[in-house]
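Data first, discussion second: the structure below is written as structure tokens.
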């Protein structure tokens with residue numbers, strides 16, 4: 047990765063509408079992200095009838111009619127995902143979708159998906175991890191709700207894949223005091239793998255912070271409108287905010303540089319203007335001793351550097367100098 051890989055997480059913010067899904071792709075393209083990501087599942091394979099909604103899902107949908115009913119309304123068909131991948135290719139953006147069951151994983155692999163994103167909820171699902179490992183592809187692994195031991199166990203299963211780890215806090219929205227971004231550094235040092243950050247906070251400053259701390263992958267939920275009905279809209283960015291986040295990340299990225307401490311091209315023209323030279327503090331006659339009384343340092347810096355002050359003091363003037371003239 048020679049630059050940060052930015053994932054626009056559309057997720058289920060299409061609300062089960064193929065046309066809204068395509069509009070999300072269009073907005074992701076406009077924002078300049080590297081890929082747009084969805085979620086692929088068969089509801090019956092994902093949850094049982096008794097599975098309840100999370101607190102944030104109840105709050106955002108206004109009712110607790112169970113996960114199954116909610117997910118049913120957010121499902122796209124395999125055929126629609128095939129069309130969605132083609133649509134992404136026509137727009138020049140990478141398509142990724144997270145599978146939430148084994149059947150969906152096989153479907154996405156057969157579809158030719160290049161990168162598999164494993165969500166935090168599947169990191170302890172051994173049959174699922176083995177299925178993903180069998181594809182021997184690149185994997186981005188979210189680590190919300192986990193310990194280092196659980197991450198290690200998952201990485202061990204994914205031994206045939208090229209793995210990147212995403213630090214994550216599984217709460218929507220995530221409070222700032224629950225981000226714990228230093229844990230991303232801990233994971234990088236512990237596993238010696240590329241790390242990134244999947245963000246659920248409100249706003250864009252935390253993913254930008256993650257990039258400044260070395261994140262190579264950033265994932266962020268986005269929506270067409272935060273006020274739409276659905277579980278994830280309120281914790282998502284709107285298109286203009288997504289574009290702003292991408293711009294901020296690219297600016298931070300440029301600012302890293304090569305690590306060599308030397309004058310940059312942009313500042314070389316200012317060296318002479320900002321630095322000083324040794325000059326005559328007053329009129330000086332030829333052969334007069336140069337001393338603290340008749341010398342000073344002033345801009346510009348195109349003469350003898352003040353760092354040579356001790357070499358000049360005590361010598362004799364080789365000519366007459368006017369006040370402020372360079373020695």
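Numbering (the working numbering), first residue to last: 47 to 373.
Here a beta-carbon is modelled for each residue, glycine too, at the ideal position from N, C-alpha and C.
How many Å lie between residue i and residue j at the Cα?
i, j, result
"residue 324", "residue 315", "20 angstroms"
"residue 154", "residue 312", "47 angstroms"
"residue 266", "residue 371", "60 angstroms"
"residue 347", "residue 362", "22 angstroms"
"residue 220", "residue 320", "46 angstroms"
"residue 61", "residue 281", "15 angstroms"
"residue 203", "residue 144", "18 angstroms"
"residue 242", "residue 285", "22 angstroms"
"residue 331", "residue 355", "19 angstroms"
"residue 249", "residue 222", "11 angstroms"
"residue 175", "residue 269", "29 angstroms"
"residue 189", "residue 170", "10 angstroms"
"residue 128", "residue 137", "15 angstroms"
"residue 199", "residue 113", "28 angstroms"
"residue 163", "residue 239", "15 angstroms"
"residue 208", "residue 353", "53 angstroms"
Taking the alpha helix (DSSP H) that residue i falls in, what are its first and last residues?
i, result
"residue 39", "Coverage of the chain is limited to positions 47 through 373, which leaves residue 39 absent and any answer about it impossible."
"residue 199", "194-203"
"residue 265", "Residue 265 -> not in any alpha helix (DSSP H); beta strand (DSSP E) instead, spanning 263-267."
"residue 318", "317-320"
"residue 136", "124-137"
"residue 172", "172-180"
"residue 185", "Not the alpha helix (DSSP H): residue 185 falls in the beta strand (DSSP E), residues 184-188."
"residue 314", "311-314"
"residue 357", "355-358"
Measure how close the beta-carbons of residue i and residue j come, nearest whole angstrom, since I'm counting them as under 8 angstroms.
i, j, result
"residue 317", "residue 341", "Rounded, the Cβ-Cβ distance is 22 angstroms, inconsistent with contact."
"residue 126", "residue 64", "5 angstroms"
"residue 191", "residue 213", "The pair is not a contact, with the Cβ atoms about 12 angstroms apart (cut-off 8 angstroms)."
"residue 329", "residue 369", "6 angstroms"
Helix, strand or coil for residue i per DSSP?
i, result
"residue 63", "coil"
"residue 119", "coil"
"residue 242", "strand"
"residue 252", "helix"
"residue 35", "Residue numbering for the chain in the displayed model covers 47 to 373; residue 35 lies beyond these limits and cannot be assessed."
"residue 325", "strand"
"residue 302", "coil"
"residue 58", "coil"
"residue 225", "coil"
"residue 295", "helix"
"residue 231", "helix"
"residue 270", "coil"
"residue 372", "strand"
Give me, in chain order, the residues of the same chain whose beta-carbon lies closer than 7 angstroms to that of residue i; leave out the 5 immediate sequence neighbours on both sides.
i, result
"residue 236", "194"
Cutting at 8 angstroms between CB atoms, please list the residues of its own chain near residue i, excluding the five before and the five after it.
i, result
"residue 88", "121, 147, 149 and 150"
"residue 360", "335, 336 and 337"
"residue 271", "279 and 284"
Within its chain, find whatever has a CB closer than 6 angstroms to the CB of residue i; leave out the 5 residues flanking it on each side and keep chain order.
i, result
"residue 51", "80 and 263"
"residue 124", "153"
"residue 245", "252, 253 and 266"
"residue 75", "137 and 139"
"residue 161", "142 and 184"
"residue 345", "322"
I'd like the span of the beta strand (DSSP E) that includes residue i, first residue to last.
i, result
"residue 83", "81-86"
"residue 208", "208-214"
"residue 161", "161-164"
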